[in-house]
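In my numbering, the protein residues as written are 904 to 1250.
See the structure below:
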């Protein structure tokens, strides 16, 4: 895999018909697939049944476009996933099919072979079909099933409405009134420099970045998930390893003088005792009034239980063996003898 210049994402491009077939989602065999005619609307907003993790953001809603993009539902220059961009699609018949399985969303664009209603373009003689899948983990897959002219290089060279760039973009913004503060993260592939044919697979894997943490507490606790310890700067409201793309910006905004590296120093830090008993726990602490009452009741029940058991044992012995009657007679005889002896001594 190749890593982008900011070390935030890896990318692999390879052609493997068996792998492509295994990763391809057969939309015709899925019951809950949704289909939309491209001639109806240019864009469609879709809610996700899962959270798509993109550079630390949990995304629950996306926008699908006829041109071949998955992006932020309302704002531009936030993020965009682009397996291929066709800039002129208004008059070309085609379909968008999408399927959510609970942890991934797969979107399929199918452009039919038909004459574009513009004299400056000639028709292509083959359907254009490709898919993009976004995973809850942040992984993104592109698969190309059918390509006119056999590969994207030739296709893009002949049809200028096919853009030269594809991949993943995320725009990292820092508020600043004095210098540029927009960084483009992700991974971009140039079509005219990359061999992409039918059955080509493109995989994007996210890498741990301190900038993926968006609060002070998550930032300074993220040291176990990244290669370098993370630091928080409240001046720019960002997290950094001080060795990433924010390095120059970090020093420029004097973050070295105010950086936070210990959780207790974070404004959003919350103390949670290791052995704390929940506020509404059913466990009673020794020494409390309720605990003492419960202890007295338990001891009383134990005494009553012992008395009942002792009475039952004596009852059984008396009823079956006459043990108690004999014992009582013996005590009465002894008592009479003692009284007789006392009378003799007195007389």
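Backbone N, C-alpha and C define an ideal beta-carbon position, used for all residues, glycine too. These figures come from a predicted structure and were not determined experimentally.
Taking residue 986 as reference, the option from 1058, 926, 1011 with the minimal CA-CA separation is 1011. Inter-residue distance for residue 930 and residue 975 is about 24 Å (C-alpha atoms, whole angstroms). Counted as a single uninterrupted DSSP element, the beta strand (DSSP E) harbouring residue 1011 occupies residues 1007-1014. Around residue 920, the same chain offers 1102 as residues with beta carbons nearer than 7 Å, after the five sequence neighbours per side are excluded.
For residue 1117, the three-state secondary structure derived from DSSP is coil.
About 6 Å separates the Cβ atoms of residue 1037 and residue 984, confirming a contact at the 8 Å cut-off. Minimum Cα-Cα distance from residue 959 among the listed residues 1029, 952, 1170, 1141 corresponds to 1141. Shown here, residue 964 sits in a strand according to DSSP, grouped into three states. The beta carbon of residue 1009 is closer than 7 Å to those of 928, 1001, 1002, 1034, 1036 in its chain, skipping five residues each way along the sequence. Using a Cβ distance threshold of 8 Å, residue 970 and residue 990 count as a contacting pair. The closest CA to that of residue 1110, considering only 1047, 977, 1131, 1046, is found on 1131. For residue 1095, the number of other beta carbons within 10 angstroms of its own is below 16, and it is reported as exposed. Where residue 1091 is concerned, there is no enclosing alpha helix (DSSP H), although the beta strand (DSSP E) around it starts and stops at 1085-1093. The stretch 940-954 makes no contact with the stretch 1109-1124, as fewer than three CB pairs between them are under 8 Å. Linking residue 1044 to residue 906 through their CA atoms gives a straight-line distance of about 16 Å. For residue 1091, same chain residues with a beta-carbon under 6 Å away, outside a window of 5 residues either side, are 1068, 1070 in chain order. Of the candidates 1138, 972, 1134, the residue whose Cα lies closest to the Cα of residue 1066 is 972. Annotation: the continuous beta strand (DSSP E) that includes residue 1036 extends over 1031-1038.
Check the Cα spacing between residue 996 and each of 1098, 1143, 1015, 981: the tightest is with 1015.
Taking C-beta separations shorter than 7 Å and ignoring five residues to either side along the sequence, the partners of residue 922 in its chain run 1104, following chain order. In summary, residue 1147 is buried, with 16 or more beta-carbon neighbours lying within 10 Å of its beta-carbon over all protein chains present. Each residue's CA atom was taken as its position, placing residue 1054 and residue 999 some 21 Å apart. Residue range 1055-1061 is occupied by the alpha helix (DSSP H) that includes residue 1061, with no beta strand (DSSP E) assigned at that position.
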